[in-house]
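Following: one structure in structure tokens, then a few remarks.
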Amino acid sequence: GAAAGAGASLALACDLRIASRNASIGLTFTRIGLHPDWGGAYFLPRLIGSALAAELVFTGGMINAKRAERLGLFNRVVPPDDLAATVSGLAGQVAGGPPEVIAAAKQTLRRSLAADLDEILEMEAEAQLEAFRSPAFAEGVQAFLEKRAPRFGR
């Protein structure tokens with residue numbers, strides 16, 4: 424379906440966005456005389472750049488799933504019948520990973536939007552050192568040696 428206005432802003436705040444090929448998205452606020460809110464004006468230019476963000480906000484237009492995927496607003500676009508299974512599969516992959524490492528990686532990715540390279544290299548080095556010392560790394564190596572899937576935090 425459609426994610427418009429605040430629904431679109433909420434979707435843009437998500438780390439991952441999977442959509443049906445029937446989906447559409449748009450910051451439609453200006454079409455009814457409103458200013459973007461719910462973080463849409465923050466997330467949209469970070470995802471697609473300021474010029475395209477300006478076009479979408481100023482016109483208040485909706486874009487289809489194919490274009491949204493090309494622009495980087497949707498990670499994946501799938502047939503409607505595959506949506507639930509695709510979302511479940513991706514969520515399972517993320518949930519099956521090492522939570523502390525994923526949380527640290529998310530923090531570094533977010534910080535990279537406002538930091539310089541030296542700061543990010545330092546964040547990466549610190550996070551990697553913590554990861555080397557973690558039970559998750561030990562489990563990951565053991566699972567690799569035993570040719571099995573790792574069982575993080577279980």
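Read in order, the letters of the sequence shown correspond to residues 424 to 577 in this note's numbering. Built from N, CA and C at the ideal position, the CB exists for glycine as well.
Inset, instruction - Examine the Cβ distances between the stretch 437-446 and the stretch 473-490 and report whether three or more of them are shorter than 8 Å. - result: In this structure the stretch 437-446 lies against the stretch 473-490, because at least three pairs of beta carbons, one per stretch, are closer than 8 Å.
Legend entry - Beta-bridge pairing of Val501 - partner residues as DSSP gives them: Residue 501 sits at position 78 when you count from the first residue of the sequence shown. Residue pairing by DSSP places Val501 opposite Ser443 in a beta bridge.
Legend entry - Anticipated Cβ contact below 8 Å, Gly483 with Gly449, distance rounded: Here residue 483 corresponds to residue number 60 of the sequence shown, with the count starting at 1. Here residue 449 corresponds to residue number 26 of the sequence shown, with the count starting at 1. That pair is a contact at about 7 Å.
Legend entry - Nonlocal neighbours in the same chain, by C-beta distance under 6 Å from Arg499, ignoring five residues either side: On the sequence shown, residue 499 is found 76 positions in, with the first residue counted as 1. When the five nearest sequence neighbours on each side are left out, the beta carbons in the same chain lying within less than 6 Å of the beta carbon of Arg499 are those of Ile441, in order along the chain.
Inset, instruction - Report the residue from Ala446, Asp438, Trp461 and Ala561 whose alpha carbon sits nearest the alpha carbon of Glu428. - result: Against the sequence shown, residue 428 aligns to sequence position 5. Checking the sequence, you will find Gly at residue 428 rather than Glu. Checking every option, the nearest Cα to that of Gly428 belongs to Trp461.
Inset, instruction - Could you check if Glu522 is buried or exposed, using at least 16 other CB atoms within 10 Å of its CB as the buried criterion? - result: Taking the sequence shown and counting its residues from 1, one reaches residue 522 at position 99. The residue asked about is misnamed: residue 522 is Pro in this sequence, not Glu. Looking at its Cβ environment, which holds fewer than 16 other Cβ atoms inside 10 Å, Pro522 is exposed.
Legend entry - Collapsed DSSP secondary structure at Gly449 in the structure displayed: Position 26 of the sequence shown holds residue 449. Of the three classes helix, strand and coil, the one that applies to Gly449 here is strand, per DSSP.
Legend entry - Rounded straight-line distance, which links the Cα of Ile455 to that of Phe555: Sequence index remark: in the sequence shown, residue 555 carries index 132 (1-based). Sequence index remark: in the sequence shown, residue 455 carries index 32 (1-based). Rounded to the nearest angstrom, the two C-alpha atoms are 53 Å apart.
Legend entry - CA-to-CA distance, Leu496 to Glu478, given in whole angstroms: Numbered from its first residue, the sequence shown carries residue 478 at position 55. Numbered from its first residue, the sequence shown carries residue 496 at position 73. Whole-angstrom Cα-Cα distance: 14 Å.
Inset, instruction - Determine, using beta carbons only, whether Leu494 and Ile471 come nearer to each other than 7 Å. - result: As a working note, residue 494 is residue 71 in the sequence shown. As a working note, residue 471 is residue 48 in the sequence shown. The answer is yes: Cβ separation under 7 Å.
Inset, instruction - Could you pull out every residue in the same chain whose Cβ sits closer than 6 Å to the Cβ of Glu492, ignoring the five residues on either side in sequence? - result: The residue labelled residue 492 in the question sits at position 69 within the sequence shown. Listed in chain order, the non-local C-beta contacts of Glu492 below 6 Å within the same chain comprise Val500, local neighbours out to five positions each way being set aside.
Inset, instruction - Taking all protein chains shown into account, decide if Val480 is buried (16 or more other Cβ within 10 angstroms of its Cβ) or exposed. - result: As a working note, residue 480 is residue 57 in the sequence shown. Buried, since its Cβ has 16 or more Cβ neighbours within 10 Å.
Inset, instruction - State the start and end residues of the unbroken alpha helix (DSSP H) segment that holds Ala548. - result: Stepping through the sequence shown from its first residue, residue 548 is reached at position 125. Here the alpha helix (DSSP H) through Ala548 covers Leu540 to Phe555.
Legend entry - Distance cut-off 6 Å: Lys489 Cβ against heavy atoms of the ligand MG: Questions concerning the ligand MG fall outside what the structure shown contains, since it holds no ligand whatsoever.
Inset, instruction - Check the DSSP bridge columns for Ile486 and list the partner residues they point to. - result: Taking the sequence shown and counting its residues from 1, the one referred to as residue 486 is at position 63. Its beta-bridge partners are Ile448.
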